[in-house]
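Written below as structure tokens is the structure these notes are about.
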Amino acid sequence: MAEIRLTKVEQGQTKIRSVPIAVTPEGFWCCPSPVAFQKTLKAHNSLHKPKSSSPPPPPPPRTTAHRKQTILNEKKPTFGPSRSVSDGQRILGPEGPDAPVSGASMVAERVPRPKLENLPRKVAIEFGEPGTSDMKVILLGKQGFCVKLSVHKNVLVENSNFFADKLAEQLSSSSCLEIEECEDVEIYVETVGLMYCKEMRQRLMKQSVSRVLRILKIAEVLGFNSCMQSCLEYLEAVPWVGEEEEEKVVSSVLRLQNEGIGVSPVLNRVSSNVSKAPKDTLSHIIGLVLGSNEERGRREMKSVVLKLLRENNSVASSSGPSDVCNQTLYDSCRNCSSLLLSLFKQSAEPESPEKPVDNKDPLVKQIALASDNLSWLLDILADRQTADEFAVMWAGQQELAALHMKLPIVSRYHVSIISARLFVGIGKGELLPSKDTRQLLLQTWLQPLINDYNWLQHGCRSFDRKVVEEGIGRTILTLPLEDQQSIMLSWLGSFLKSGDSCPNLQKAFEVWWRRTFVRPYVDGQQGNSLQSDSSMTS
1 MAEIRLTKVE QGQTKIRSVP IAVTPEGFWC CPSPVAFQKT LKAHNSLHKP
51 KSSSPPPPPP PRTTAHRKQT ILNEKKPTFG PSRSVSDGQR ILGPEGPDAP
101 VSGASMVAER VPRPKLENLP RKVAIEFGEP GTSDMKVILL GKQGFCVKLS
151 VHKNVLVENS NFFADKLAEQ LSSSSCLEIE ECEDVEIYVE TVGLMYCKEM
201 RQRLMKQSVS RVLRILKIAE VLGFNSCMQS CLEYLEAVPW VGEEEEEKVV
251 SSVLRLQNEG IGVSPVLNRV SSNVSKAPKD TLSHIIGLVL GSNEERGRRE
301 MKSVVLKLLR ENNSVASSSG PSDVCNQTLY DSCRNCSSLL LSLFKQSAEP
351 ESPEKPVDNK DPLVKQIALA SDNLSWLLDI LADRQTADEF AVMWAGQQEL
401 AALHMKLPIV SRYHVSIISA RLFVGIGKGE LLPSKDTRQL LLQTWLQPLI
451 NDYNWLQHGC RSFDRKVVEE GIGRTILTLP LEDQQSIMLS WLGSFLKSGD
501 SCPNLQKAFE VWWRRTFVRP YVDGQQGNSL QSDSSMTS
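No gaps in the numbering here: position 280 of the sequence shown is 280 in this note's numbering, and each next residue is one more.
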């Protein structure tokens with residue numbers, strides 16, 4: 001709404017005539033459907049299409065009587081499409097209140113004066129009951145609509161602060177309120193019609209969320225508080241489908257926070273007043289997932305939580321919530337590693353005749369579960385680029401690595417998957433531990449991984465040999481050349497004995513070879529620098 005004028009409809013201005021009125025049993029008009037407005041606009045646009053510059057082809061020869069009939073038909077006004085009215089509604093036509101009419105017709109009028117030809121106010125729709133009304137509200141839409149509402153001053157004043165203020169300012173002789181450039185004529189008419197509705201909530205139940213948001217916007221402009229409250233009650237109860245609709249609802253409701261209307265019931269759906277720390281909630285969720293023994297539910301929820309944490313990481317700030325999440329994840333990592341060490345100790349105990357053999361099977365399942373939980377936590381930390389501390393923690397598990405050889409391979413191989421995942425992460429640059437951590441990690445866990453390598457290839461479906469071998473090789477090549485040599489010579493002995501049962505690190509071996517024998521960069525540079533220093537001193 002751009003301009004508002006208080007005026008009388010004078011001769012020569014846009015008139016609204018010969019338009020039937022549709023009134024419901026409750027006493028207010030039928031809200032126009034979007035289809036009716038679209039058909040009206042289409043009919044209006046067809047009347048204003050520019051004529052072609054080329055003259056039309058001459059008509060075929062016809063009789064004089066037919067030519068006269070054609071001229072008479074061209075002088076008749078063009079009628080737009082009609083709108084059907086539901087059963088139980090009373091239709092008042094131009095012939096009188098008892099004349100039956102099938103719908104609200106839209107009439108295209110001719111502008112009487114040439115200077116008004118550019119004003120798109122030729123399509124007119126009328127709503128209300130002129131026989132009892134004492135006020136006219138004319139809505140001039142941006143797309144050429146001209147809608148006249150026959151209303152009652154007392155109804156407008158009681159329900160709308162906007163109309164109350166405007167009517168208080170107008171002269172006693174003024175009986176028409178004209179609103180120009182109305183953005184949403186259709187919803188404006190419906191919102192004014194709701195002022196006559198006793199059961200407003202039931203009327204809104206038939207609407208969609210997007211349409212109620214449009215009504216809420218117009219009700220806010222009109223200061224129609226009871227309508228805004230009914231819209232908020234509707235939005236609080238109805239489901240919101242999709243993130244886009246939820247964002248529209250929240251943004252529309254937030255706009256009303258300073259209007260003195262209770263918006264908390266709606267916003268409580270997306271915000272909580274509970275003072276419970278996010279850390280406690282996240283820790284509880286992760287604890288439930290890690291403690292689950294049902295394979296399918298645990299696998300699916302691990303995927304969901306990983307995806308949601310990834311989304312949080314993409315929008316989170318550099319402080320606060322991210323630190324809380326990392327602390328929670330590392331607390332879980334320490335708990336899982338402590339549990340894993342305890343399970344390894346139990347499995348490594350010598351069997352006694354008093355202990356049944358069946359006790360070993362639950363330990364195997366528990367070790368597999370604890371190892372899988374650690375792998376999942378490592379995936380989360382690597383995705384958040386905060387897995388460096390995990391590498392430090394895992395490199396320090398010398399006691400767990402010492403117990404590794406005492407367990408059967410079917411129990412221990414799950415732990416080697418964690419080591420392989422760390423080497424892959426270092427090789428891809430997902431985590432950047434220090435040189436000492438990388439060296440200790442290889443020293444502690446490379447040999448146990450080699451011992452389990454054959455089983456991993458054939459007994460673990462998710463194991464990707466090429467990716468793991470590339471990660472191990474790249475991790476070795478990040479160390480100083482002397483450490484590379486020590487590890488490569490040790491690997492070479494294992495590879496020559498085991499063949500395919502050992503990781504194939506030939507690519508890394510070739511790089512180390514060239515660094516050592518083909519192009520020793522450092523030695524050459526040091527020699528050149530020594531020669532330059534001696535020449536300068538002499």
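Note that the Cβ used here is the ideal one computed from N, Cα and C, for glycine as well.
Where residue i falls: helix, strand or coil (DSSP)
| i | result |
| --- | --- |
| residue 462 | coil |
| residue 68 | Low per-residue confidence applies at residue 68: pLDDT is 39, beneath 50, and the placement is therefore not dependable enough to give any value. |
| residue 179 | strand |
| residue 261 | coil |
| residue 519 | coil |
| residue 256 | coil |
| residue 297 | helix |
| residue 126 | strand |
| residue 150 | strand |
| residue 505 | coil |
| residue 291 | coil |
| residue 480 | coil |
| residue 336 | helix |
| residue 269 | coil |
| residue 349 | coil |
| residue 191 | helix |
| residue 185 | helix |
| residue 452 | coil |
| residue 475 | helix |
| residue 132 | coil |
| residue 325 | helix |
| residue 330 | helix |
| residue 241 | coil |
Cα-Cα separation, residue i to residue j
| i | j | result |
| --- | --- | --- |
| residue 184 | residue 312 | 38 angstroms |
| residue 455 | residue 293 | 24 angstroms |
| residue 262 | residue 229 | 8 angstroms |
| residue 385 | residue 431 | 6 angstroms |
| residue 280 | residue 325 | 10 angstroms |
| residue 109 | residue 148 | Because the pLDDT of residue 109 is 41, which lies under 50, any placement of that residue in the model is unreliable, and the number read from its coordinates should be weighed accordingly. Distance between the alpha carbons of residue 109 and residue 148 is about 15 angstroms. |
| residue 458 | residue 464 | 11 angstroms |
| residue 234 | residue 211 | 12 angstroms |
| residue 406 | residue 418 | 18 angstroms |
| residue 170 | residue 247 | 40 angstroms |
| residue 295 | residue 271 | 33 angstroms |
| residue 244 | residue 238 | 15 angstroms |
| residue 220 | residue 269 | 22 angstroms |
| residue 460 | residue 411 | 13 angstroms |
| residue 297 | residue 288 | 11 angstroms |
| residue 152 | residue 285 | 58 angstroms |
| residue 251 | residue 161 | 23 angstroms |
| residue 51 | residue 205 | Its pLDDT being 48, under 50, residue 51 is placed unreliably in this model, and the value from its coordinates should be taken loosely. Answer to the nearest angstrom: the Cα atoms are 47 angstroms apart. |
| residue 135 | residue 125 | 16 angstroms |
Neighbourhood of residue i by C-beta distance below 8 angstroms, restricted to the same chain and skipping five residues each side
| i | result |
| --- | --- |
| residue 331 | 283 |
| residue 471 | 420, 423, 424, 425, 426, 427, 428 |
| residue 479 | 435, 438, 439, 442, 487 |
| residue 232 | 216, 253, 256, 261, 262, 263, 265, 266 |
| residue 241 | 209 |
Span of the beta strand (DSSP E) around residue i
| i | result |
| --- | --- |
| residue 141 | 135-141 |
Proximal residues to residue i (C-beta, below 7 angstroms), its chain only, five neighbours per side dropped
| i | result |
| --- | --- |
| residue 442 | 475, 476, 487 |
| residue 502 | 450, 453, 494, 495 |
| residue 483 | 439 |
| residue 491 | 505 |
| residue 380 | 306, 309, 329 |
| residue 467 | 424 |
| residue 469 | 503, 504, 505 |
| residue 389 | 330 |
Sequence-distant residues of the same chain with beta carbon closer than 6 angstroms to residue i, five excluded per side
| i | result |
| --- | --- |
| residue 195 | 155, 159 |
| residue 366 | 343 |
| residue 307 | none |
| residue 290 | 373 |
| residue 141 | 182, 185 |
| residue 433 | 388, 391 |
| residue 163 | 156 |
First through last residue of the alpha helix (DSSP H) which encompasses residue i
| i | result |
| --- | --- |
| residue 236 | 225-237 |
| residue 214 | 209-222 |
| residue 615 | For residue 615 there is no data in the structure shown, the boundaries of the chain being 1 and 538. |
| residue 500 | Here residue 500 belongs to no alpha helix (DSSP H), and DSSP marks it neither H nor E. |
| residue 165 | 161-169 |
task: Give, in chain order, every unbroken run of the alpha helix (DSSP H) that is at least 4 residues long and sits entirely within the region 365-445.
output: Counting only runs of 4 or more, we get 388-395, 398-404, 409-428.
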